[in-house]
Amino acid sequence: MSINVPEAAQFAPGVLVRARGREWVVQPGSDAELLVLRPLGGAQDDLVGVLPALEKVETASFPPPTPDDLGDQSSAGLLRSALRIGFRSGAGPFRSLAQLAVDPRSYQFVPLLMALRQETVRLLIADDVGIGKTIESGLIAAEMLAQGEASGLAILCSPALAEQWQDELRDKFGIHAELVLASTVPRLERSLDIGESLFQRHPNVIVSTDYIKNPRHRDEFIRHCPDLVIVDEAHTCVAAGSTGSRDGRQLRHDLVSKVAADASRHLILVTATPHSGKDEAFRNLLGLLDPELETVPLDTDAGRRRLARHFVQRRRADIRTYIGEETPFPKDRESKEVSYKLSAEYRKLFTAVVDYAREQALDESDGVVRQRVRWWSALALLRSLASSPRAAAQTLRTRAANLDAKTVPEADELGRIAVMDLTDDDSTQAVDAAPGADLENTDGTAPQQRLRRMAKQAEALEGAADTKLGELTKLVKKLLKDGYNPIVFCRFIPTAEYVAEHLGDALGKKTEVVSVTGTLSPKQRIARIERMISGAPADEDTDEQTRPEQRVLVATDCLSEGVNLQEGFDAVIHYDLAWNPTRHEQREGRVDRYGQRRDVVRTVTLYGSDNQIDGIVLDILIRKHAEIRKATGVSVAVLDESDSVVNAVLEGLLLREEDAEQLSFDFGFTSKRDDLHADWVSAAERERASRARFAQHAIHADEVAREVTEIRAALGSGAEAAEFVRTAVVKLRGQISREAADGSFTADTGGLPSTLMSGLEAVLGPKKAREIAFHSLPPVKRGEAALVRTDATVNTIARFVLDAALDPKLDDWQRPARRCGVIRTTAVPTRTTLMLVRYRFHLTLPTRDGGRRQQIAEDARVLAFRGSPAKAEWLSEDEALALLDVRADENTAPEFATATATRVLDGLETLRPHLDQYGRDLADSLRASHARVREATRRRETGVVIRGLRVEADPNADVLGLYVYLPVTGEAAR
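So the sequence shown is residues 29 to 1002, counted in the working numbering.
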């Protein structure tokens, strides 16, 4: 490294300097008093400020490789791969991708390309469950923040998903965001200055939609709202009139409407169910993006083209194979129903409870409000008893949630929240809390004594008398025997705890059984699951050899939405039927999604063949949902207008007795099952038609293919990362074992250099770093690695290899990559020289407000020529890249190799004009790529180009490596 002390004027953006013992690139915004520096090869997040008056800063440049430090045939490829893997500020049009800890699938670039072609991003991402909408919206956020098109980010989501969003943004996209929840706001506000808003203090926030929708909080948020907002589960934010829903939905709609009212704000709506057969709701969502979309005629080509700029919706079938890339989805979902019959003891109690529920439903003695309270109490009791003896006992002893209701709507609202499976529940209650059935305000009344007696009878049914639990045990054992790790979903907390206790005893020490319910915070739930999946024992003193071989997770519906469980589980058992088929879909979607390594996932629905409640739910809801999905190919949520589901369940519950014709009630309910099913089928047909009409056509596959090819050409592919890791580990005295057909393998790291081991332990932990499981594709379990350039473990190895190549003081075995080499091979007819060159570029990017933003970027290229430097015959890029795979066919005498390398290196300066021209040509190509990606749709249609976009190459390119290939002599030549 050559160094000299500069004048202040030499500190121009793009200049390489040395300070604090390492090399840095001067960034735009620097001046003689304060330098803004980025580490060479580092990311924008690594920027530091340095005062030249106080700290020593020197200009620096890389010297050419030296002929006395020759490497072998793999040196060039290893050095190039290490350099590319380490890049965090590439020169291509996607400024954020080199910094991400995720390797997006090709289809996941489509929403990003759509967003970059809009001056103000207004986008509805409506891909199916499990395709990766979080990744797609995170890509847009990371890119817009990296480009400077957005200065802040707000995620509006359910409080239950807030911590998961925080982890995803931090771990995959490098975006650090504060949680704004009812529980965190007091702490955040204590650190504010007088008159300061927490949304001014924290540019990136993840906000509970149900907290911020309150007008008391909403208005402050709107005043200081970031310029980029992502709304998760956006279907819950349509106007109440669109669905006949309740106040909470209207408040959410008002909130998002006010966010969208600022036409300059970027807005991304995310939902898997934008339409669900409800045209008014779909139009309402579109109106949030652009008021004109609410009324645009979608039955015309012009209307559909207009919508296509803002709407992307794909099914799994659309992207399972996309531009030649396979996406790892399960190929099949094997589903079955398994029945059980109540024991005689359980049947006796069930009959008594049904009689009690019927009495409650028919009792009109205290007026219509009290009657509605009794009705919901009866449903609560029946649900709990169908779930488990323990849940029933708790319900019988718990006060009804709506006991103090003053009006019928209030009684119905509180009853729905406690009993029904609402997918957009506004309540702050846990979704899995057992409901109450006690209707008395005082203790000791005759009705209350009756409930207490039934509670004791329920408690006595735990264990042998519970045939449902016995059937579950057989199911779980069969799945475990077949190699599956199942999740058992229960409706109520007491049921989950009861089931987990029993399975823990029944399955023995070889199987770990863990329960996760709403008694845990979202963060505690994730921590418990991650510990279970990673195999970490609950007791740190547990010997590794005694860890359970298999796992069973018993959970409530607190895990049915948003939490990804495909890494550790591959089967689902519905222990309790959900009273909303959407909930069943959500449960199964936790394992049947992108990243699931099983080709076939299994789902089992457990139901009581002589249990009236299960029979009703199966007939009216679950089976009909499956029938509609099979017939239409789409999954549509059960309709919720006018309490149609509740009415249908009421009919089945109270009229399916043998003497049903003699029963009559004054509730005013008539049979609505047939009407419900007819409306449901109609909604599914509309949804199927919607998906066909509004399929994504704004970005064509060939456009995506071109951009993805350029991205991976610049940053490297998964295959390159895999080959790099494998070669580097072996050369650094590690061992490769357990190689799989998909390219996965295990690395024994016992022989690696201590410096590298320290880095790996920091990433994986001391135990996991000893033997690393490398998988061909993400996602991976905690403590394992994926063979992609953005994986932290791969980066650690690359950083060591690159640093070691530049440090001749290290032992030879610790330096698998070298900057120079001479190889004899049959692959060349004459002397051919390969160079690894690092270019730096000055980018000037136009902003939406007409301004200009300057950035510095890097790129590594491989160039090659035949003959001597003075008479160089330059090869094509493909010919140069092919040399990286060349292997030596004959030994080269060390003295001859040194002399050969010296002669080529002596002529290096004569190659500078070509290197500079190559840099200028590369800059022109990069500019065209930037313009192509960023060109707005309407500008593309009118042929207007983006003004002010410039890409210029720094003339001082670094020659990092030089490798000479010679034709063979003697026997090898024959």
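Beta carbons: idealized from backbone N, C-alpha and C, even for Gly.
Residue i and residue j closer than 8 Å at C-beta
i    : j    : result
L634 : E499 : yes
Q624 : Q578 : no
T435 : G464 : no
E886 : A119 : yes
A833 : R843 : yes
P358 : D627 : yes
T853 : R915 : yes
P132 : I153 : no
A486 : A428 : no
I159 : I347 : yes
Spatial distance of residue i from residue j (CA atoms)
i     : j    : result
F695  : E392 : Model confidence at F695 stands at a pLDDT of 35, short of 50, so the residue's coordinates are unreliable and nothing is read from them.
Y239  : V233 : 13 Å
G879  : I554 : 44 Å
L297  : D260 : 6 Å
H942  : A908 : 15 Å
K505  : R630 : 14 Å
T456  : D282 : With a pLDDT of only 39 at T456, under the threshold of 50, the placement of this residue in the model should not be trusted; the figure read from the coordinates follows. Rounded to whole angstroms, T456 to D282 spans 20 Å at the Cα level.
T965  : H958 : With a pLDDT of 41 at T965, under the threshold of 50, the modelled position of this residue cannot be trusted; read the value that follows with caution. C-alpha separation (whole angstroms): 14 Å.
E248  : A60  : 40 Å
F39   : V808 : 43 Å
P874  : A143 : 16 Å
A1001 : D917 : With a pLDDT of 49 at A1001, under the threshold of 50, the modelled position of this residue cannot be trusted, and the question is left open.
V850  : K551 : 55 Å
S102  : T94  : 17 Å
R761  : I163 : 37 Å
L197  : V130 : 11 Å
Y135  : D383 : 56 Å
R481  : G276 : 39 Å
G272  : E441 : Low confidence applies here, because G272 scores a pLDDT of 43, under 50, leaving its location unreliable; read the following figure in that light. Answer to the nearest angstrom: the Cα atoms are 13 Å apart.
H263  : Q278 : 12 Å
L79   : T858 : 52 Å
G778  : V758 : 11 Å
E490  : R418 : 7 Å
Top-ranked residue by Cα proximity to residue i, from the options
i     : options                : result
A309  : V298, E322, D318       : E322
A178  : V149, S804, E191       : V149
E51   : S786, D986, L994, R880 : D986
L370  : F378, S363, K364       : F378
R311  : R332, A291, R293, K809 : R332
N984  : I168, S89, D100, R215  : S89
R400  : L410, A389, A801       : A389
V1006 : G596, R868, R978, R480 : Since the first residue shown for the chain is 29 and the last is 1002, residue 1006 is missing from the structure and cannot be characterised.
Q55   : V85, T539, A300, V64   : V64
T87   : R46, S102, W403        : R46
V645  : T610, R734, V619, D97  : T610
A461  : E206, P80, R334, S415  : S415
V591  : K286, D620, R740       : D620
Terminal residues of the alpha helix (DSSP H) in which residue i lies
i    : result
K496 : 495 to 509
T237 : 237 to 240
S393 : Segment: none, S393 is in no alpha helix (DSSP H) and carries neither H nor E.
R881 : It is not in any alpha helix (DSSP H) - R881 instead sits in the beta strand (DSSP E) that spans 880 to 894.
G49  : No alpha helix (DSSP H) holds G49; DSSP gives it neither H nor E.
D638 : Taken as a continuous stretch (DSSP letters only), D638 belongs to no alpha helix (DSSP H), as it is neither H nor E.
E525 : 521 to 535
E980 : Per DSSP, E980 belongs to no alpha helix (DSSP H); it is in the beta strand (DSSP E), 978 to 981.
Boundaries of the beta strand (DSSP E) in which residue i is found, first to last residue
i    : result
A801 : 799 to 803
Q578 : 578 to 584
E365 : 360 to 368
M863 : 860 to 874
I515 : 514 to 518
Minimum length 3: unbroken beta strand (DSSP E) runs contained in the region 80 to 163: 86 to 89, 150 to 153
Secondary structure, alpha helix (DSSP H): runs of 4+ residues fully inside the region 243 to 318: 243 to 251, 275 to 288, 307 to 317
Length-filtered (4 minimum) alpha helix (DSSP H) runs lying within the region 775 to 799: 782 to 792
Length-filtered (3 minimum) beta strand (DSSP E) runs lying within the region 171 to 232: Within the region 171 to 232, the runs of beta strand (DSSP E) that reach at least 3 residues and sit entirely inside it are, in chain order, 181 to 185, 206 to 208.
Suppose only complete runs of 4+ residues qualify. What are the alpha helix (DSSP H) ranges in the region 830 to 857, listed by chain order? none
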